[in-house]
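Contents: one structure, followed by commentary.
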Amino acid sequence: MEISRFLLGLCAFIHFYGSVSAESTCKLKAKFNLNGYKNVEKKTVVIGGMFPVHKRIASSDGNTSRVPVSSGCEGFNFRTFRWTQTMLFAISEINKKNNLLPDTDLGYVIYDSCFTISKAVEGTLTYLTGQDEAVPNYRCGTGAPLAALVGAGGSDLSIATARILGLYHFPQVSYCSTCSALESKFQFPTFLRTIPNDKHQSTAIAQLVLHFGWTWVGTIAADDDYGKYGIKAFKEQVEEAGVCISFSETLPKVSSPEVIQRIVKTVVEATAKIIVVFSSDVDFSPLILELLRHNVTNRTWIASEAWVTSALINQPGVSSLLSGTLGFGVKRADIPGLQQHLLEIDPYTDPLTEEFWETLFNCTLNYGKAVRQAKQKAKEDNGTLSRAVKGVPDGLCTGKESLAQLNNTYSDVSQLRITYSVYKAVYAVAHALHNLEHCEKGQGPFNGNDCANITNFEPWQLMYYLKNVRFKVPHTGEEIHFDEGDVEGVYDIINWQFNSNGEISYVTVGHYNGSAAPVDRMTINNTSILWNNEVLEVSSILIKMAMNSSRL
């Protein structure tokens, strides 16, 4: 009886919501607050993107007396903004090609995840439903079909979005989510990535420690799935080989000076001079600042791929602490035309680019805002509020400032690693769409040898082509294909060294290939490594001992 009533009620619910307009069924009272890029008008297919352009969400006043609006974001990240622009560049490049989707014009919807799970979920729901106020299970927008989501940034963000997208059999191609938990096809059936699975990196770091004979190490990990899974796999492997763990610390995800001070105390008092850090640059940077303040030196840091070439970590003044760092970086590449694209962006096109410009040049593009700031400054200087500002107020951007004249993370294309992974992810989606579009009638992979229609396909149909895609990346010739959603575990071994300008440069001193035979996986040139002071003496002795024992 109860089941009958439930089914009757369900039928009534479906009938009611099916009979009213899309507008009335596609509204929530909560207001999302998303930034990004959108170009969908008259496009054949739309690709989604998600990037952590900001480092965190802004604090909320918690007022419950008005309609809730999700928090905005703060802490602009120039490196991740470059990733965003790389997706735009790749789509523009594809749209100009005659041999890849020649009859298809790609559009895009890109959102800022703010390095926060809640924002990543907001972006995912908005993308799936086509509206800023999203109701799950309703596609309220009309127009071009949605292809796949490129994103969502860190592993925690991708885990959250992949759980939602998997429910709808919707493809997700990640460019920097490396956590080994994401390899589970039971939990994440539509997740793929163009960056190696961390199971390779954990093994690589373990082999590095064993290679140099280090038996006493400390570990630091971010308080997220990336850090927890990565450091756990590393510790299991080295402890089995007889290495002892001096200490294990966890970096807070939310600012906590007390926890940072405790970790600094642990590092200073510990006798272990080798410290493995599995963390993003955003989570690791507060600890770096505090270690510098305490003048901590004579440590060798082992870096995971998430911070090994990060300009957020490699700031002026870190050489005493981080010179000699060893770590693993994903493949780098040169992408012709990208730097020109980065330098030619128009600051007036959208709010996100406007914020980038104002943050970079420390000015405002808004005349009224500049006048108000000038008046406020006059009041602070003179004690009175000036009623008039003659001429152009100080602090006003011209919009003609030169990006080329700045030495900035955004326009630095010397270490395109995650950037290259973004580029590959976009091309993977494009090649899958190309194969879907050029399916021969009567020879398709679906029921009755049917093909999908590029203008009206289902997400699971594109997923078939993504899983089986195989292509060569433009300019580099690297062949990309997915093995259960993963790519090969190939890394460069990178050493932080002083260059002739007194700056730290990233020197490749070896390579690691997780697909090779165990004895051939790691190649490293010991003599090319620049160590950090006292660690040099210990490591040199260990290397000589290893070389002598191999001759016996």
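Numbers -22 to -1, 1 to 530, taken from mature numbering (1 follows the signal peptide of the UniProt record, and there is no 0), label the letters of the sequence shown in order. Yeah, the Cβ is synthetic: ideal placement off N, Cα and C, and Gly gets one too. Quantities reported herein were computed from a predicted structural model and do not represent experimental measurements.
Under 8 Å between C-beta atoms of residue i and residue j
i: Leu186; j: Leu304; result: yes
i: Leu414; j: Ile432; result: yes
i: Ser297; j: Pro264; result: no
i: Tyr146; j: Pro437; result: yes
i: Asn434; j: Pro123; result: yes
i: Gly307; j: Glu283; result: yes
i: Leu300; j: Val274; result: no
i: Asp203; j: Ala159; result: yes
i: Gly205; j: Ala211; result: no
i: Gly132; j: Met28; result: no
i: Ile209; j: Phe256; result: yes
i: Ser48; j: Phe93; result: no
i: Asp312; j: Leu374; result: no
i: Gln150; j: Ala126; result: yes
i: Phe148; j: Asn386; result: no
i: Ile507; j: Asn473; result: yes
i: Asp464; j: Asn175; result: yes
i: Leu381; j: Ser389; result: yes
N-terminal and C-terminal residue of the alpha helix (DSSP H) that residue i is part of
i: Trp61; result: Phe56 to Asn73
i: Phe261; result: One detail in the question is off: residue 261 reads as Asp in this sequence, not Phe. Segment Asp259 to Arg271, the alpha helix (DSSP H) holding Asp261.
i: Gly396; result: As written in the sequence, residue 396 is Ile, which differs from the Gly given in the question. Taken as a continuous stretch (DSSP letters only), the alpha helix (DSSP H) holding Ile396 covers Ile396 to Glu415.
i: Tyr326; result: Careful: Tyr326 lies outside any alpha helix (DSSP H) and carries neither H nor E.
i: Glu236; result: Pro235 to Glu247
i: Thr94; result: First-last for Thr94: undefined, no H or E at that position.
Min CB distance residue i to chain D below 8 Å
i: Leu300; result: No chain D is present in this structure, which holds just one protein chain.
Helix, strand or coil at residue i according to DSSP, with G and I counted as helix
i: Ser378; result: Inspection of the sequence shows that residue 378 is occupied by Lys rather than by Ser. Lys378 falls in the coil class under three-state DSSP.
i: Asn510; result: coil
i: Tyr484; result: strand
i: Trp285; result: coil
i: Thr172; result: coil
i: Leu363; result: Because Leu363 sits at a pLDDT of 49, beneath the cut-off of 50, its placement in the model cannot be relied upon, and the point is left open.
i: Ala159; result: helix
i: Gly305; result: strand
i: Asp134; result: helix
i: Asn427; result: helix
i: Asp390; result: coil
i: His147; result: coil
i: Glu515; result: With a pLDDT of 45 at Glu515, under the threshold of 50, the predicted position of this residue should be treated as unreliable, and no value is reported.
i: Leu84; result: strand
i: Asp203; result: helix
i: Arg141; result: helix
i: Glu102; result: For the sequence presented, residue 102 should be read as Thr rather than Glu. Three-state DSSP puts Thr102 in a helix.
i: Glu436; result: coil
i: Gln179; result: helix
i: Thr107; result: helix
i: His453; result: coil
i: Leu290; result: coil
i: residue 532; result: This structure leaves residue 532 out entirely; the chain is present only between -22 and 530.
Residue interval of the beta strand (DSSP E) (run including residue i)
i: Ser226; result: Cys222 to Leu229
i: Glu457; result: Glu457 to His459
i: Trp474; result: Val468 to Phe476
i: Gln150; result: Gln150 to Ser152
i: Phe339; result: Note, Phe339: premise wrong, no beta strand (DSSP E); alpha helix (DSSP H) at Pro329 to Phe339.
i: Val23; result: Val23 to Phe29
i: Ile502; result: Met500 to Ile502
i: Ala126; result: Leu124 to Val128
Residues that DSSP places opposite residue i in a beta bridge
i: Ser34; result: Ser is not the amino acid found at residue 34; the sequence shown has Arg there. According to DSSP, which records beta bridges pairwise, Arg34 is partnered with Glu52.
i: Val164; result: Residue 164 is actually Phe in this sequence, not Val. Beta-bridge pairing links Phe164 to no other residue.
i: Gly14; result: Tyr89
i: Arg448; result: His459
i: Ile280; result: Val254 and Leu304
i: Trp194; result: Cys222
i: Lys9; result: Val47
i: His489; result: Asp470 and Thr501
i: Thr342; result: Leu374
i: Asp464; result: Asp461
heavy atom of the ligand ADP below 7 Å from residue i C-beta
i: Thr327; result: Although the ligand ADP was asked about, the structure shown includes no ligands whatsoever.
Check your understanding: Is the stretch 270 to 288 touching the stretch 26 to 39 in the sense that three or more CB pairs, one from each, lie closer than 8 Å?
Key -> no
Check your understanding: Contact between the stretch 493 to 505 and the stretch 318 to 331: three or more CB pairs below 8 Å?
Key -> no
Check your understanding: If we count Cβ pairs, one from each stretch, closer than 8 Å, do we get three or more for the stretch 79 to 97 versus the stretch 418 to 426?
Key -> no
Check your understanding: Given 8 Å as the limit, is there contact between the stretch 155 to 169 and the stretch 213 to 229, that is, 3 or more CB pairs closer than that?
Key -> no
Practice item. Taking 8 Å as the threshold, find out whether the stretch 237 to 246 comes into contact with the stretch 188 to 195 through three or more Cβ pairs. Key: no
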